[in-house]
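In this note's numbering, the protein residues as written are 742 to 992.
Beta carbons: idealized from backbone N, C-alpha and C, even for Gly.
A quick note: this is a predicted structure, and the numbers were derived from the prediction, not measured.
This is the structure:
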């Protein structure tokens, strides 16, 4: 595999754009911001895009980081990213969405879930609000069970299992998603309170347990259809998803 070619133009373009976020074990490398024009409901909106990569080894010299990554097969690994809008670091009020990747809903527009709707609607809400960020979490497919296992769970759902029972029958927990890295990146990008766009109490709990300053939670329901009615009911009945908006006192 080819090695990175370090010339002055390349180094100048990347200098200051790769940030090291220390963890208890290893580190997160955050690259960005990058201007990303997005087609959102027929209108072109320019977001600031970041991508992050978790690594076991810590290198503070970004040239060494680039050299190491150029010899790694990153296409085989999953990386998460952030779309930020407005002055995300400094504005007083900001919306955030921690969005778990959904290959079928986000890419293909599947009506079996509401994920594709939530992705686009949260981006629209952030733009209308004026400031915010969407965290796109690439290792969260199927609530953490992966795409292949999700496909098997779908077959079980076609035979009468609900979402929770299908996952558990295959030997998985209902929800194994972890938000630690996303929270670390959020802290690197913003220190002021945020309003969380979610129906999931586990996401809210993860933010609060990490000591993040939350100014509130906003529900994100929609795109109900005959294809996802049972799925949405299971979210509320089995997974405790919330429908009302609530204030979030910091504790």
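Which one or two residues does DSSP pair with residue i in a beta bridge?
| i | result |
| --- | --- |
| residue 868 | Residue 868 pairs with nothing; no bridge assigned. |
| residue 836 | 873, 936 |
| residue 841 | 878 |
| residue 771 | 760, 793 |
| residue 859 | Paired residues: none, contrary to the question. |
| residue 776 | 789 |
One question on the structure: do residue i and residue j come within less than 8 Å of each other, judged by their Cβ atoms?
| i | j | result |
| --- | --- | --- |
| residue 982 | residue 941 | yes |
| residue 759 | residue 793 | no |
| residue 879 | residue 789 | no |
| residue 848 | residue 877 | no |
| residue 767 | residue 795 | yes |
| residue 855 | residue 964 | yes |
| residue 897 | residue 910 | yes |
| residue 921 | residue 975 | no |
| residue 823 | residue 781 | no |
| residue 888 | residue 844 | yes |
| residue 916 | residue 943 | yes |
| residue 908 | residue 894 | yes |
Just confirm the distance between the C-beta atoms of residue i and residue j, as a whole number of angstroms; I'd bet it's less than 8 Å.
| i | j | result |
| --- | --- | --- |
| residue 741 | residue 826 | With the chain covering 742 to 992 only, the question about residue 741 has no answer from this structure. |
| residue 961 | residue 936 | Actually they do not touch by this definition, with Cβ atoms about 11 Å apart. |
| residue 918 | residue 958 | About 17 Å separates the two Cβ atoms, so there is no contact after all. |
| residue 755 | residue 803 | 7 Å |
| residue 801 | residue 761 | 6 Å |
| residue 872 | residue 832 | 4 Å |
| residue 852 | residue 968 | 4 Å |
| residue 787 | residue 777 | 7 Å |
Within the stretch 872–953, note down every full beta strand (DSSP E) run reaching 3 residues or more, in order along the chain. 873–878, 935–938
Give a yes or no on contact between the stretch 909–925 and the stretch 937–953, applying the rule of three or more CB pairs nearer than 8 Å. yes
Across the stretch 802–811 and the stretch 862–874, are there enough close Cβ pairs to call them in contact, namely three or more that are closer than 8 Å? no
Inside the stretch 778–829 only - beta strand (DSSP E) runs reaching at least 3 residues: 784–796, 821–826
Using 8 Å as the cut-off, can you tell me whether the stretch 835–846 makes contact with the stretch 929–939, which would need three or more C-beta pairs spanning the two stretches below that distance? yes
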